[in-house]
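A short write-up of the structure that comes next.
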Amino acid sequence: MKYYRILLTCIVVTISLQTLYSQSGNKSVFVIVHGTWGGGWAFKEVDSLLSENGNIVYRPTLTGQGERVHLSSPEIGLKTHITDIVNTILYEDLHDVILVGHSYGGMVITGVADSIPERIKKLVYVDAVIPENGESISSIFKIKNEGPFRNVNGYLIPTWVAEGQKPPKDVPHPYKTYTDTIILKNPLRIKLPTTYVLTVDKGKEPKNDDFASQAERAKEKGWIVLQLEADHNPQWSSPEEFVKLLKEIVEN
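Here the sequence shown stands for residues 1 to 252, numbered as in this note's numbering.
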């Protein structure tokens, strides 16, 4: 009889510990989509900081960018990049995804959410573009062929990208992705909980930020809009604060 009591106690303790572990181990799955010229490499530190707490992080590189630059072509369009992320989610069999889009990545995650909203738990736009149906980045920002937005043989080549630089580095970005219009038709996308993060340089007025118009769009849609003191690339300028904010978004 004593043996059975001990055995029963062990079973109860084991079940309790398993339940406790299950509750504490309920971490998030992040898929982070980088911006123009970049790659998944740009979010390496963010990945490390999020993973410290057991979160699972995917930071796929879009076709023709980063380590996939050997696949680059001026024929690559927005649909290709949307499919890159859709297939990452489907082939990795991810569910309840926290889908984060930075800058141009906002175009991509909007298309992804329209394609597979059932796989997405929350959307997070970080200093990112918010397109409406039938819009392109060029139409939203009225982009002119100058500065970092020069169209050179079908590519956007920023002034800071020079020959001879060693990886990891920014690379030319297919211009077609900026002129392609996005087609949105799934009403389930609109129901997804969404947060917009406007990064603002220290001492700068939010209204003067390059993405202030997109933050206004987010407010009009009734999304949560937050501010982060950082430049346009918080993954480099304020990684710890950026990760802290992402965790808060997930928890709320």
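Glycine included, every Cβ here is placed at the ideal spot set by N, Cα and C.
Close beta carbons around residue i, own chain, < 6 angstroms, minus the five adjacent residues each side
i: Y21; result: In this predicted model, Y21 has a pLDDT of only 37, less than 50, meaning its place in the structure is not dependable; the value taken from the coordinates is given anyway. Excluding sequence neighbours, Y21 sits near nothing in its chain.
i: Y178; result: I137, S138
i: Q23; result: With a pLDDT of 36 at Q23, under the threshold of 50, the modelled position of that residue is not reliable, and no figure is offered here.
i: D96; result: K121
i: I224; result: T195
i: K176; result: G77
i: L246; result: none
Check whether residue i and residue j have beta carbons under 8 angstroms apart
i: G40; j: G66; result: yes
i: V243; j: L50; result: yes
i: E99; j: L78; result: One detail in the question is off: residue 99 reads as Leu in this sequence, not Glu. No; because the gap between Cβ atoms is not below 8 angstroms, this pair is not in contact.
i: S103; j: G35; result: yes
i: A218; j: I140; result: no
i: I143; j: R150; result: no
i: E45; j: Q235; result: yes
Contacting residues, own chain, Cβ-Cβ under 8 angstroms from residue i (five flanking each side not counted)
i: L94; result: V29, V31, Y58, T88, R119
i: V250; result: S28, I98, K122
i: V161; result: W37, K169, D170, V171, P172
Residues of its chain near residue i, where Cβ-Cβ distance is below 7 angstroms and the 5 sequence neighbours each way are ignored
i: T80; result: T63
Cross-strand partners of residue i (DSSP beta bridge)
i: Q165; result: DSSP output for Q165 lists no bridge partner at all.
i: L78; result: According to DSSP, which records beta bridges pairwise, L78 is partnered with nothing at all.
i: Q227; result: L198
i: L94; result: Paired residues: none, contrary to the question.
i: F211; result: Note: F211 sits in no beta bridge, so no partner.
Candidates the options: closest to residue i by CA position
i: P148; options: T195, L245, W37, N26; result: W37
i: A212; options: D170, P60, T199, N233; result: T199
i: D114; options: I143, L226, I82, Y125; result: I82
i: S237; options: N252, K202, K221; result: K202
i: P167; options: E132, N151, V69, N145; result: V69
i: K193; options: K142, T110, D209, R150; result: In the sequence as presented, Lys is not what sits at residue 193; that position holds Pro. Checked all of K142, T110, D209, R150; the closest Cα to P193 is T110.
i: N186; options: L71, V112, D84; result: V112
Cutoff 8 angstroms: residue i Cβ touching any chain D Cβ
i: V57; result: The structure shown contains no chain D; it holds only a single protein chain.
Task: Cβ contact check for the segment 50 to 67 and the segment 111 to 123: 3 or more pairs under 8 angstroms - done: no
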